[in-house]
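Contents: one structure, followed by commentary.
Next comes the structure, spelled out in C-alpha cells:
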C-alpha cells in the first residue's frame with residue numbers, strides 16, 4: 017500500500033489555497049478599480065495630450081495663460097488660508113477633547129461630526145443666508161448700531177474661506193484627536209511636577225509629540241481644499257474661481273477639453289505628490305488608530 021501511494025504521488029488539493037482565496041476576494045474590487053477608476057484616469061491623461069491636437073500644447077498654457085495663473089494663485093491662496101485657520105481651530109478642539117470628561121467628549125464629538133451628516137449644498141446655502149447683505153449677520157450688526165452699511169461678506173474670498181473652513185473642520189479634528197490620544201499625558205504632568213510652567217510643558221513636550229497629527233491634518237485639509245467645487249461656486253458668486261470650477265467651465269462652457277483635462281491631471285499629480293510626502297513622514301496606520 018505505501019508503494020502504491022508513492023506511485024500516485026502527493027494528494028492533489030481540491031480547494032484553493034489561502035493565497036488563491038484572497039485573490040478571489042480581491043479580484044472583483046480590482047476589476048472595478050480598473051474599469052471605473054484607472055481607465056477613466058488614463059482617458060483624462062490621453063485627452064490632455066491629444067486635444068485639440070497631439071502634443072504638450074495644453075501643458076504649455078500653464079506658463080502662458082493669465083487666466084490659469086490667476087485661478088491657480090486664487091486656489092493656492094484660499095487653500096493655504098483655509099488650512100491654516102482650520103488647523104488652528106482643529107488643534108484647539110482636539111486638545112479640548114482629550115482633556116474633557118467622557119460626558120463632554122460625547123457632546124464635542126457630536127458637534128464635530130454633525131456637519132458631516134448635512135449636505136454640502138445645504139451648508140453652502142445656509143452660509144449664503146447668513147452672509148448676504150440682508151442676512152442675519154449684517155441685519156444684527158445694523159440693528160445694534162455697530163455698522164451703518166452692509167458689510168461685503170458674500171461673493172468674495174472671505175465667504176469662500178468661511179464655508180470651506182466650516183466643511184473641513186472635522187477632517188482636521190479627527191486625525192489630530194487620534195494622534196493626541198496616543199500621547200502619554202503623564203509626561204506633561206511630570207514636567208509640571210518638576211516646576212515647568214503650563215505653557216512651557218505644552219510647548220516643549222506635548223506640541224512636539226502632536227506634530228505628526230498636525231502634518232497629517234494639514235496635508236489632508238490642503239488636498240481637499242484644492243478640489244472644492246460647490247462651496248466656491250455658491251459663496252463666490254462667480255467672482256471667485258478655484259481650479260475645480262475652472263475645469264468644469266472649460267469642459268461644459270468653452271468646450272476646451274484639452275485644457276480642462278490638463279488641469280485635472282496637474283491637480284491629480286500634485287495630490288499624489290503630497291500623499292507620498294505625507295506617507296514618508298507620518299505613520300498613517302498609527303495615526304488613524306491601527307495597532
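Numbering (this note's numbering), first residue to last: 17 to 307.
All C-beta atoms, glycine included, are put in the ideal place defined by N, C-alpha and C.
These numbers were taken from a predicted model, which means no experiment stands behind them.
Checklist entry - With a CB to CB cut of under 6 Å and the five nearest residues on each side skipped, what residues in its chain are close to residue 110? => result Sequence-distant partners of residue 110 (beyond 5 residues in either direction) whose C-beta falls short of 6 Å from its own C-beta, in its chain, are 189, 192, 193, 196.
Item to check | Closest residue to residue 168 among 159, 151, 160, 38 (Cα-Cα distance) | outcome: Nearest C-alpha to residue 168: 151.
Item to check | Where residue 166 falls: helix, strand or coil (DSSP) | outcome: coil
Item to check | Residue environment, residue 177, which counts as buried when at least 16 other CB atoms sit within 10 Å | outcome: Residue burial annotation: residue 177 is buried, with at least 16 other C-beta atoms found within 10 angstroms of its C-beta.
Checklist entry - If you run the structure through DSSP and keep just helix, strand and coil, what is residue 105? => result The answer is helix: DSSP assigns residue 105 an H, G or I state.
Checklist entry - When DSSP labels each residue in this structure, what does residue 69 get in the three-state scheme? => result coil
Item to check | Exposed unless 16 or more other CB atoms sit within 10 angstroms - verdict on residue 276 | outcome: buried
Checklist entry - Is the beta carbon of residue 294 sitting closer than 8 Å to the one on residue 256? => result no
Next on the checklist: So the candidates are 270, 225, 187, 183; which of them puts its Cα closest to the Cα of residue 202?
Outcome noted: 225
Checklist entry - Out of curiosity, what's the CA-to-CA distance linking residue 124 and residue 185? => result 13 Å
Checklist entry - For the segment 154-206, which segments carrying the alpha helix (DSSP H) assignment without a break, of at least 4 residues, lie completely within its bounds, in sequence order? => result 173-197
Checklist entry - So the alpha helix (DSSP H) residue 256 belongs to, where does it begin and stop? => result Residue 256 -> no alpha helix (DSSP H), and no H or E assigned at all.
Item to check | Sufficient close CB pairs (3 or more, under 8 Å) joining the segment 240-249 to the segment 82-99 | outcome: yes
Next on the checklist: Just to confirm before moving on: does the CB-CB distance between residue 55 and residue 278 stay below 8 Å?
Outcome noted: no
Item to check | Residues near residue 199 by beta carbon distance below 6 Å, same chain, minus five either side | outcome: 225
Checklist entry - First and last residue of the alpha helix (DSSP H) that includes residue 59? => result 55-64
Checklist entry - For residue 210, which of helix, strand or coil comes out of DSSP? => result coil
Checklist entry - Measuring CB to CB, does residue 274 end up less than 8 Å from residue 44? => result no
Checklist entry - Could you give the residue range of the alpha helix (DSSP H) that holds residue 123? => result 118-129
Next on the checklist: Can you list, in chain order, the residues of its chain with a C-beta nearer than 6 Å to that of residue 128? Leave out the 5 residues immediately preceding and following it.
Outcome noted: 186, 189
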